[in-house]
Every structure is written in structure tokens, then in C-alpha cells.
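Residue numbers (UniProt numbering): 1 to 274.
Here a beta-carbon is modelled for each residue, glycine too, at the ideal position from N, C-alpha and C.
Model, not experiment: these values are computed from the prediction.
Report on the following structure.
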Amino acid sequence: MIPHSFDYKRASSVEEAIEILQNGSYAKVLGGGHSLVPALKLRLNAPETLVDVTRIESLKGIAIEDGTLIIGAANTHHEIATSAEVRNSLSFLADGASAIGDVQVRNKGTIGGSIAHADPSADWPALLLAANAQIVIQGADGTKTVATQDFFTGFFSTVLEESDIITQIRIPIPPEGTKSTYQKFVQPASRFAIVGCAAVKEPSGATRVAFAGVSDYAFRDEAVESASSAGVSAEEAAAKAAEGVSIMSDHYASEDYRKHLAKVYARRALVEVS
């Protein structure tokens, strides 16, 4: 299909992009475009203005500062997957990035665009939840930092306001000896997660477990985390997966099948980090 007509504006700074977003009656940020462009073609979204932020240098870069891994929002999945800083800090983030989509998607799609879009089956939300990441947002009222657990609010919904732009993702580097993994049951055409489970286990035994593809938005599974942190077996902890959660059902997987997959992939993830 052909999208509605729109104005295209390329911003040279975050401040300029925010100004355009404020002044436009309905404007959207264009990053890698792998979430927005399909929605435009299907006319699920019809903004009057697209604000291209891909050439804003301050939104790029991967670095480690004061025990924190900092990833610019405009970094592509490929850049993250091949980053030594990411691989050496939390390897499952690089593994997860390398499992996103296909080569074209990984080379153009961005981490900021993915989490702003908040597709319930996307990989980054679960990965960042398990990593205990914080999301830095710049808007008309200044800059704020939001915990990933507070960022996703519902089906394709986040705390972002209309003129907000994600600038960075900040991830505390865990203690030495921490293990991490991302296990995914893949939809073969899109490579989205029908069910994805991210797990991080620190030497103390403290465990974080997050799911993608199970519910309307990615979530931390506190029941699995508590059981695993208490030292029960992976099988016992995984049996608690998705308890009390509203589970999606679609043409890829029924509610019952998704709940079964959540337990299976939670067990695989917990075994991997044990």
C-alpha cells in the first residue's frame, strides 16, 4: 500500500527535533524506520510530519562510564551485536541483538526505535528489563531517566510524550561472575518472539527474568525471579512462569500454548544461567 503524504524534516540536534515535534500537529520520529515504515504503508499510522533523527551524532555511541554501559538510542542492532563493550559487559544483549530480524533489519533498525514502538513481541524490551536498564528521555521539559519497568505501560504504549525523544539506554554492569541469556521461540518469517525469555543471575543468586511475546507488553516475572533467587530448581521456578498474567492469543499461538512456551523457555533460560 501507499502511505498518506507527509512532510519530511531532518533534525541536526535533539533540541531541533523536539522543536519540530512540538510545532507539528501530528509528528513522528523516524529512526531506523523498521517499525514505523510498515505502519505507514498499511496506513495504521498517518503522521503529517516525519522527523529524521538518524544523523544526530549525540544519539550514537556505545561506552562504559563509572560502571555503566551506555548505548545511544540511534545505535543499530548490528552495532550493538558486534560491540566489544556490550559483549564483555552483558553478553546476552549482544546475543539478543544478533537474533533480531534479518540482516537488513539489524543494519538499519535502532534500539531506541524498537523500545519506543513497544511491540509486545520485540526482543529489546525483555532484554532491557532483565538487564535492569534505565532509559534517558529528553523532551520539552528537560531530561528525565525512567526505569525500564516503568517505561512500558501497555499494548504498543510507553510513558513517552508526543515531543519526547529517547537519547540513551544506561545499564549497570553487574558483578563479575554474573550469567545472562536470552532464549527465544521465533516466528520464522519476522524473527519476532512468539515467546522470549531473558534471564540474568548474579553470583549472589539474585535473578531477574523478563518475557517478550507473552502478554500485551514485556514484563518482569517476579514469581519466577523469587523462586530462582531462593535457590529452587530451574524446573520448579519455571513452573511459576506467567502466573496471573493476561496472556496473548493470536494466529501464531493460543493462550494455552503461549503459557506452556513461557514455562519451557523460562526453564531453558534458568538452566543456562545456573
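- Beta-bridge partners assigned by DSSP to Ser157: Gly154.
- Around Val245, the same chain offers Ser215 as residues with beta carbons nearer than 6 Å, after the five sequence neighbours per side are excluded.
- Under DSSP, Glu65 takes part in a beta bridge, and its partners are Thr68.
- Contact between Lys240 and Ala223 holds, since their C-beta atoms are separated by about 4 Å, short of 8 Å.
- Of all alpha-carbon atoms in Asn23, Glu236 and Ile64, the one lying nearest the alpha-carbon of Glu48 is that of Asn23.
- In the DSSP assignment, Lys144 forms a beta bridge with Ile137.
- Taking C-beta separations shorter than 7 Å and ignoring five residues to either side along the sequence, the partners of Ala39 in its chain run Asn45, following chain order.
- Partner residues in the beta bridge of Ile166, as assigned by DSSP, are Ile137.
- Contact check for Ala74 and Val103: beta-carbon distance about 19 Å, past the 8 Å limit, so the pair fails to qualify.
- Judged by beta-carbon spacing, His117 lies beyond the 8 Å limit of Phe151, meaning their Cβ atoms are not closer than that value.
- The closest CA to that of Lys108, considering only Gly33, Ser226, Ser190 and Ala27, is found on Gly33.
- The Cβ atoms of Ala206 and Ser229 lie closer than 8 Å to each other.
- With fewer than 16 other Cβ atoms from the protein chains shown falling within 10 Å of its own Cβ, His4 counts as exposed.
- At a Cβ-Cβ threshold of 8 Å, Val14 and Gln149 do not count as neighbours.
- Within the DSSP bridge table, the entry for Gly196 names Lys184 and Ala212 as partners.
- The alpha-carbon of Val136 is positioned some 33 Å away from that of Val271.
- Per the coordinates, the alpha-carbon of Arg268 lies some 27 Å from the alpha-carbon of Arg170.
- Measuring C-alpha to C-alpha distances from Phe92 to each of Val159, Tyr8, Val37 and Trp124 identifies Trp124 as the nearest.
- In the three-state DSSP reduction, Lys263 falls in the helix class (H, G or I).
- DSSP places Lys108 within a helical segment (H, G or I) once states are collapsed to three.
- If you draw a straight line from the Cα of Ala140 to the Cα of Asp221, it is about 34 Å long.
- Annotation for Asp95: the continuous alpha helix (DSSP H) segment containing it runs Ser91 to Ser98.
- When Ala84, Val86, Ala17 and Ala131 are compared, the shortest CA-CA separation from Arg55 is found for Ala17.
- Comparing C-alpha distances from Ser190 to each of Arg43, Ile2, Tyr182 and Ala99 shows the shortest one belongs to Ala99.
- At a Cβ-Cβ threshold of 8 Å, Ser121 and Phe192 count as neighbours.
- Ranked by Cα distance from Ala130, the options Glu202, Val232 and Thr167 are led by Glu202.
- Within the stretch 19-90, the runs of alpha helix (DSSP H) at least 4 residues long that lie entirely inside it are, in chain order, 36-41, 77-81 and 84-89.
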